[in-house]
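> The sequence shown begins at 131 in this note's numbering and counts up one residue at a time. Virtual Cβ for every residue (Gly too), placed ideally from N, Cα, C. Bear in mind the structure is a predicted one, so any value in this text is a computation, not a measurement.
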Amino acid sequence: APDRAMLPGLGVMAEFLGHLVHDRGQVANFALNQRLVALRPDEIKACGRVVAVAAGDDKVGPVRSVLRGGYVTTLVTDEDTAGRILETEGQAA
Numbered sequence: 131a132p133d134r135a136m137l138p139g140l141g142v143m144a145e146f147l148g149h150l151v152h153d154r155g156q157v158a159n160f161a162l163n164q165r166l167v168a169l170r171p172d173e174i175k176a177c178g179r180v181v182a183v184a185a186g187d188d189k190v191g192p193v194r195s196v197l198r199g200g201y202v203t204t205l206v207t208d209e210d211t212a213g214r215i216l217e218t219e220g221q222a223a
């Protein structure tokens, strides 16, 4: 867990399909991402329709990062989480 605690300090805000993603939506350039046996985010992005489901205050940053990366086309969430995402996106702009 100490390694995971360092990730926000390195700009990592989300894990998408096991891949570490930076705040602005780019896949982080870490060796861990190269060793994964999973679809890459760009491969999922090419599917056309990608639905993500996430809710809760702890998901606001990660969801925002994944949305910024353009990896999902549809987000299913609750009203409070959606409001916080929009609120924090307005602050980041």
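Quick check: what's the CA-CA separation for Thr-218 versus Glu-173?
The sequence position of residue 218 within the sequence shown is 88, counting from 1. The sequence position of residue 173 within the sequence shown is 43, counting from 1. Using only the alpha carbons, I get a separation of about 28 Å.
> Val-180 and Val-202: beta carbons closer than 7 Å?
Position 50 of the sequence shown holds residue 180. Position 72 of the sequence shown holds residue 202. Contact: yes.
> Who are the near neighbours of Asn-163 in its chain, counting only those whose CB is closer than 7 Å to its CB and skipping five residues on each side?
Counting from 1 along the sequence shown, the entry for residue 163 is found at position 33. Correct list, in chain order: His-149, Leu-150, Val-157.
> Just grab the DSSP bridge partners of Phe-160 for me.
As a position in the sequence shown, residue 160 is number 30, starting the count at 1. DSSP, once it has assigned bridges, lists no residue as partnering Phe-160.
> Buried or exposed: Arg-165, going by 16 or more other Cβ atoms within 10 Å of its Cβ?
Locating residue 165 in the sequence shown gives position 35, counting from the first residue. With fewer than 16 other CB atoms across the displayed protein chains lying within 10 angstroms of its CB, Arg-165 is exposed.
> Using the three-state DSSP reduction, which class does Ala-184 fall into: helix, strand or coil?
Within the sequence shown, numbered from 1, the residue matching residue 184 stands at position 54. Looking at Ala-184 - three-state DSSP - the assignment turns out to be coil, as it is neither helix nor strand.
> At what residues does the alpha helix (DSSP H) containing Ala-135 begin and finish?
Residue 135 sits at position 5 when you count from the first residue of the sequence shown. Its alpha helix (DSSP H) spans residues 132-136.
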